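J.: Taking this note's numbering, the leading residue of the sequence shown gets 37, the next gets one more, and so forth.
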Amino acid sequence: MATTDEWSDSRLDIDPTADEAFVVDLEGFEGPLDLLLTLARNQKVDLARISILALANQYLAFIERLGERRLELAADYLVMAAWLAYLKSRLMLPPDEAPGDEPSAEELAGMLAMRLKRLEGIRILAGRLIDRSRLGRDVLPRGAPEETGLVRRSLWEASLFDLLDAYGRQRQRDMVRVHTVRKRQVWALADARDLLERLIGTIADWAPIDDYLIHYMTGPESRATVRASAFSASLELVREGRMELMQSGPFAPLYLRKGQGRPDTSEEDGA
């Protein structure tokens with residue numbers, strides 16, 4: 037029968053002696069599953085003596101032994117076992133005399149053969165894809181592409197007249213420049229003397245002079261003029277004997293206190 041020939045040609049090329057071959061041991065048959073299905077299709081084995089439960093148990097044991105190494109092979113055997121169970125169920129069920137739309141056994145066998153051929157073609161194509169060269173493993177791409185840099189160079193063209201004209205305009209701007217002198221904030225020497233004279237009567241012991249000048253230092257620009265005026269006024273008061281100054285070292289804080297009077301005052305009065 038043409039269907040039988042088609043099924044026999046569509047069997048998988050599986051070595052029965054290989055470790056991955058699904059060899060079944062059922063009542064009345066012992067051998068590869070694909071051979072059992074072929075014999076059942078040709079009615080050369082008694083399907084009534086085949087136990088579907090034993091077939092399912094042996095298939096589960098085969099899957100556990102196979103693991104995840106050959107899932108496509110396990111799928112092929114699953115299809116064969118399913119069709120074998122279907123053929124036995126058709127044998128055990130009473131024949132349906134009423135014509136229906138259900139396909140016959142020959143048509144089902146042909147459909148199985150077609151699907152197995154398609155599955156085999158998919159497996160072949162998958163193997164070809166896996167064997168192709170992979171980018172990054174078998175074929176290495178070129179490194180990062182070099183960026184093209186754009187260098188801009190300005191070219192200036194000018195005659196002697198242009199240079200003289202530019203020089204004249206620059207000189208003219210410098211000649212008409214107006215310099216405005218900003219008014220500086222200055223603490224008058226008289227104001228500093230008045231402040232120190234008021235402080236003389238309240239200072240009993242040495243005290244830093246900066247502690248009394250902080251109030252007048254309103255900003256960084258006034259700090260220098262306040263200290264300079266206060267220092268000049270304090271020197272004048274020291275000369276008069278009304279104040280005493282003390283400094284422990286260079287750049288050390290300046291201390292002041294009330295003076296004891298000019299030391300030469302009594303000598304001048306006696307003379």
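Beta carbons are placed, not taken as given, at the ideal position from N, Cα and C, and that holds for glycine.
Please read these numbers as outputs of a predicted model, since none were measured by experiment.
Report the three-state DSSP secondary structure of Val262 (helix, strand or coil).
T.: Along the sequence shown, read from residue 1 onward, the residue named residue 262 stands at position 226. Here Val262 sits in helix by DSSP.
J.: Do Leu123 and Leu83 come within 8 Å of each other at the CB atom, strictly closer than that value?
T.: As a working note, residue 83 is residue 47 in the sequence shown. As a working note, residue 123 is residue 87 in the sequence shown. Closer than 8 Å, so yes.
J.: Secondary structure at Asp49, three-state DSSP: helix, strand or coil?
T.: Taking the sequence shown and counting its residues from 1, one reaches residue 49 at position 13. Unreliable positioning characterises Asp49 in this predicted model, as indicated by a pLDDT of 45, which lies under 50. The coordinate reading is nonetheless provided below. Coil, per DSSP.
J.: Exposed or buried, what is Pro289 when buried is set at 16 or more other beta-carbons lying within 10 Å of its beta-carbon?
T.: Numbered from 1 along the sequence shown, position 253 holds the residue referred to as residue 289. Pro289 is exposed by the Cβ-count criterion.
J.: Specify the secondary structure class of Phe287 as computed by DSSP and reduced to three states.
T.: Here residue 287 refers to the residue found at position 251 when the sequence shown is read from its first residue. Coil, per DSSP.
J.: Comparing C-alpha positions only, which one of Pro256, Glu280, Gly204 sits nearest to Val212?
T.: Residue 212 sits at position 176 when you count from the first residue of the sequence shown. Checking every option, the nearest Cα to that of Val212 belongs to Gly204.
J.: Let's see if you can read the secondary structure: which residues bound the alpha helix (DSSP H) around Phe197?
T.: The residue given as residue 197 occupies position 161 in the sequence shown. Element bounds for Phe197: 196 to 211.
J.: Are the beta-carbon atoms of Trp309 and Thr254 separated by less than 8 Å?
T.: Nothing about residue 309 can be read from this structure; the chain reaches only from 37 to 307.
J.: Taking Ala92 as the reference, which of Leu120, Val81, Gly67 has the closest Cα?
T.: Position 56 of the sequence shown, counted from the start, is the residue given in the question as residue 92. Ala92 has its Cα closest to that of Leu120, out of Leu120, Val81, Gly67.
J.: Going straight from the alpha carbon of Met150 to that of Pro68, what length do you get?
T.: By 1-based counting over the sequence shown, the position of residue 150 is 114. By 1-based counting over the sequence shown, the position of residue 68 is 32. So the two alpha carbons sit approximately 21 Å from each other.
J.: Helix, strand or coil for Leu114 per DSSP?
T.: Here residue 114 is taken as the residue at index 78 of the sequence shown, counted from 1. Residue state, collapsed to three classes: helix.
J.: With DSSP as the reference, label Ala243 as helix, strand or coil.
T.: Residue 243 sits at position 207 when you count from the first residue of the sequence shown. Three-state DSSP puts Ala243 in a strand.
J.: Gly67 bridges to which residues according to DSSP?
T.: Residue 67 sits at position 31 when you count from the first residue of the sequence shown. Note: Gly67 sits in a beta bridge opposite Val60.
J.: So what does DSSP say about Val274, is it helix, strand or coil?
T.: Numbered from 1 along the sequence shown, position 238 holds the residue referred to as residue 274. Helix at Val274.
J.: Excluding the five sequence neighbours on either side, which residues of its own chain have a C-beta within less than 6 Å of the C-beta of Pro129, listed in chain order?
T.: Position 93 of the sequence shown, counting from 1, holds the residue named residue 129. The sequence given here has Leu at residue 129, not Pro. Cβ neighbours of Leu129 beyond the five flanking positions: none.
J.: Would the beta-carbon of Leu232 fall within 8 Å of that of Ser270?
T.: Your numbering for residue 232 matches position 196 in the sequence shown. Your numbering for residue 270 matches position 234 in the sequence shown. Yes; because the gap between Cβ atoms is below 8 Å, this pair is in contact.
J.: Distance check for Asp246 and Gln208, CA to CA, integer angstroms please.
T.: On the sequence shown, residue 208 is found 172 positions in, with the first residue counted as 1. On the sequence shown, residue 246 is found 210 positions in, with the first residue counted as 1. When rounded, the distance between both Cα atoms is 50 Å.
J.: Just to confirm, are Ala228 and Ser258 a CB contact at a threshold of 8 Å?
T.: Here the question's residue 228 lines up with position 192 in the sequence shown. Here the question's residue 258 lines up with position 222 in the sequence shown. Cβ distance not < 8 Å, so Ala228 and Ser258 don't count as in contact.
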